[in-house]
Amino acid sequence: MPYVEVPGEKVPIRMWADPASVEASAMRQLHNVAGLPWIKGLAVMPDVHYGKGATVGSVIAMKDAVCPAAVGVDIGCGMSAVKTSLTANDLPGDLSPLRSKIERAIPVGAGMHRDPVDPDRLYGFPVEGYAGLWERFDHLADEVKFRRERAAKQIGTLGTGNHFIEVCLDVSGSVWLMLHSGSRNIGNELADHHINVARSLDHNQGLVDRDLAVFLAATPEMEAYRNDLFWAQEYAKYNRAVMMSLFKEVLRREFRKAKVSFDREISCHHNYVAQERYDGMDLLVTRKGAIRAGSGDYGIIPGSMGTGSYIVKGLGNEKSFHSASHGAGRKMSRTAAKKRFSARDLADQTKGVECRKDSGVVDEIPGAYKSIEQVIDQQTDLVQVVAKLKQVICIKG
219 MPYVEVPGEK VPIRMWADPA SVEASAMRQL HNVAGLPWIK GLAVMPDVHY
269 GKGATVGSVI AMKDAVCPAA VGVDIGCGMS AVKTSLTAND LPGDLSPLRS
319 KIERAIPVGA GMHRDPVDPD RLYGFPVEGY AGLWERFDHL ADEVKFRRER
369 AAKQIGTLGT GNHFIEVCLD VSGSVWLMLH SGSRNIGNEL ADHHINVARS
419 LDHNQGLVDR DLAVFLAATP EMEAYRNDLF WAQEYAKYNR AVMMSLFKEV
469 LRREFRKAKV SFDREISCHH NYVAQERYDG MDLLVTRKGA IRAGSGDYGI
519 IPGSMGTGSY IVKGLGNEKS FHSASHGAGR KMSRTAAKKR FSARDLADQT
569 KGVECRKDSG VVDEIPGAYK SIEQVIDQQT DLVQVVAKLK QVICIKG
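The sequence shown begins at 219 in the numbering used here and counts up one residue at a time.
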């Protein structure tokens, strides 16, 4: 569908969604963003919905400013996926033992590894640059320096909420591995620290929404945030890379006779900041619940735990700041989902998927999310579908 322009105070709000279908609270957030003094553009993805700090499914382009709450507290959260040489015929009829082996290899929920994972022992892990991540730890905000040991043990772990690990099949029957996670506790604490600093700055006191407090270029606060932000984004990237290496190793051991091989990994952030150039200006582009979809960029757009996901290739649409949606997007809050659905509903909606079916993950039920097919149909000018996947195992924290 073509985008719709909704008038905004400083910039128009370009929407790849029907404005009438977006909840009033999210529209208020978008109008508040469109009125910021530093705003140069705002694009809204089909999976848009109300979010803490700023709207999920929004792409915010600002000149010489960045809003830490618009990035969110899970800095660098994103997706990774890889196609394997296995096919559906290689998988056993009972997938629960395989699910258990994956869960033993990769801590989920609030868990962590007993000792930090040794990257030299990981299968296919991009070791280059990993040591530099830890060399820069001492340059982070003082408030998190005591977290070094915990951060080291949490790298290669899933976390909670909508994070997941999946075994999927594409339409030809090929097996894919997919996972979704971010910067874990260290990213959360860095984000909270900087959000609070931004709210205290004089230039933010008159904002309609204090959640939209920004850091300004050429200030010590901005430099400190950029340092910690880019570190956390890198941590999130390595967190997914460690998990994927552990995930691959489980498959290699489980299917030794098949001699499993793996294609090149696809990986993308969907809560992050990048410096990009549009209309002759160097801008700081914040994607909160959105992926980069530059021409030829591969991306991952997942649905809910029972509906499947898409591998896509970006079309480089400048109107969206080279962006696309990050998933199906919620159509109801977690609280509302828990009130409306039961564990039995969850079991019904995840038939055929080896996954948790208990009350602890009812808020992740497919019925709480928008239709992934509709979300994909609304952005045909942003991405081209490369593969459609359907999960057969889904692991939640």
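Each residue gets a CB set at the ideal place from its N, CA and C atoms; glycine is no exception.
Out of curiosity, what's the CA-to-CA distance linking residue i and residue j?
i	j	result
Leu-395	Gly-547	21 Å
Ser-303	Asp-338	24 Å
Lys-614	Glu-439	36 Å
Arg-322	Ala-235	40 Å
Phe-382	Val-326	9 Å
Asp-515	Gly-532	5 Å
Val-229	Leu-254	9 Å
Pro-655	Gln-602	Since the first residue of the chain shown is 219 and the last is 615, residue 655 is not available in this structure.
Ile-509	Leu-408	22 Å
Gly-275	Ser-541	10 Å
Thr-273	Ala-288	8 Å
Ala-586	Lys-549	6 Å
Met-280	Arg-368	34 Å
Ile-616	Gly-290	Here the chain comprises residues numbered 219 to 615, so residue 616 is not present and cannot be evaluated.
Glu-572	His-488	26 Å
Arg-428	His-411	15 Å
Ile-529	Lys-301	11 Å
Ile-278	Ile-257	7 Å
Val-224	Leu-501	22 Å
Gln-597	Pro-264	7 Å
Asp-576	Tyr-490	32 Å
Phe-465	Lys-475	17 Å
Lys-371	Glu-227	46 Å
Gln-592	Arg-317	30 Å
Met-461	Arg-417	35 Å
Ala-554	Met-499	42 Å
Gly-342	Arg-471	14 Å
Gly-570	Arg-558	22 Å
Asp-336	Lys-319	19 Å
Gly-391	Gly-578	31 Å
Ile-594	Ala-306	25 Å
Val-468	Arg-552	32 Å
Ile-324	Ala-442	32 Å
Asp-566	Val-393	24 Å
Asp-446	Ile-413	12 Å
Glu-536	Ser-513	10 Å
Identify which residue in the options has its Cα closest to the Cα of residue i.
i	options	result
Ala-252	Leu-425, Ile-383, Gly-294	Leu-425
Ala-238	Val-266, Gly-374, Met-330	Val-266
Gly-347	Trp-449, Asp-333, Asn-250, Trp-256	Trp-449
Gly-524	Gly-342, Glu-384, Val-335, Ala-306	Glu-384
Ser-401	Tyr-443, Leu-387, Tyr-453	Tyr-453
Glu-241	Ala-476, Val-222, Tyr-268, Glu-227	Tyr-268
Gly-507	Val-262, Pro-225, Asn-406	Val-262
Tyr-444	Cys-612, Thr-504, Met-330	Here the sequence assigns Arg to residue 444, which means Tyr is not the residue at that position. Nearest option by C-alpha distance: Thr-504.
Asp-388	Met-233, Gly-526, Phe-343, Asp-595	Gly-526
Thr-568	Pro-584, Phe-473, Leu-600, Ser-463	Pro-584
Gly-271	Lys-537, Asp-336, Leu-430	Leu-430
Ser-543	Gly-570, Ser-551, Ser-589	Ser-589
Ala-328	Asn-403, Phe-539, Lys-556	Asn-403
Asp-599	Gly-570, Ser-551, Ala-511	Ala-511
Cys-612	Ile-594, Asp-595, Glu-582	Glu-582
Val-345	Ser-463, Arg-332, Asn-535	Ser-463
Asp-292	Gln-451, Cys-386, Asp-333, Phe-364	Gln-451
With DSSP as the reference, please indicate the residues paired to residue i in a beta bridge.
i	result
Val-601	Gly-532
Cys-573	Cys-612
Leu-254	For Leu-254, which the question treats as bridged, DSSP gives no partner whatsoever.
Ser-485	Ser-298
Tyr-587	Arg-548
Thr-305	Ser-392
Ile-278	Leu-260, Thr-504
Met-245	Met-245 is not bridged to any residue.
His-267	Val-274
Ile-231	Val-224, Leu-260
Ser-399	Gly-296
Lys-475	DSSP, once it has assigned bridges, lists no residue as partnering Lys-475.
Lys-606	Tyr-528
Strictly under 8 Å for the Cβ-Cβ distance: is residue i near chain C by that measure?
i	result
Ser-298	In the structure shown, chain C does not exist; there is a single protein chain.
Task: Validate contact between the segment 343-358 and the segment 513-520 using beta carbons, cut 8 Å, 3 pairs - done: no
Open item on the list: Does the contact criterion of 3 or more C-beta pairs under 8 Å hold for the segment 239-255 versus the segment 395-406?
Closed with: no
Open item on the list: With three or more beta-carbon pairs closer than 8 Å as the criterion, would you say the segment 425-440 touches the segment 278-287?
Closed with: yes
- [ ] Pick out the complete alpha helix (DSSP H) segments inside the segment 487-566, 4 residues or longer, and give them in chain order.
- [x] 552-558
Open item on the list: Taking contact to mean 3 or more Cβ pairs, one atom from each stretch, closer than 8 Å, check whether the segment 594-609 and the segment 304-312 are in contact.
Closed with: no
- [ ] Check whether the segment 359-370 touches the segment 478-491, counting contact only when three or more Cβ pairs, one atom from each stretch, lie closer than 8 Å.
- [x] no
Open item on the list: Taking contact to mean 3 or more Cβ pairs, one atom from each stretch, closer than 8 Å, check whether the segment 454-465 and the segment 365-379 are in contact.
Closed with: yes
Open item on the list: Give the list of continuous beta strand (DSSP E) stretches no shorter than 3 residues that lie fully inside the segment 325-396.
Closed with: 382-388
Task: Minimum length 3: unbroken beta strand (DSSP E) runs contained in the segment 428-460 - done: none
Open item on the list: I'd like to know if the segment 488-500 and the segment 558-569 are in contact, where contact means that at least 3 CB-CB pairs between them fall below 8 Å.
Closed with: no
TODO: Evaluate the contact criterion for the segment 416-424 versus the segment 289-298: three or more CB pairs, one atom per stretch, below 8 Å.
DONE: no
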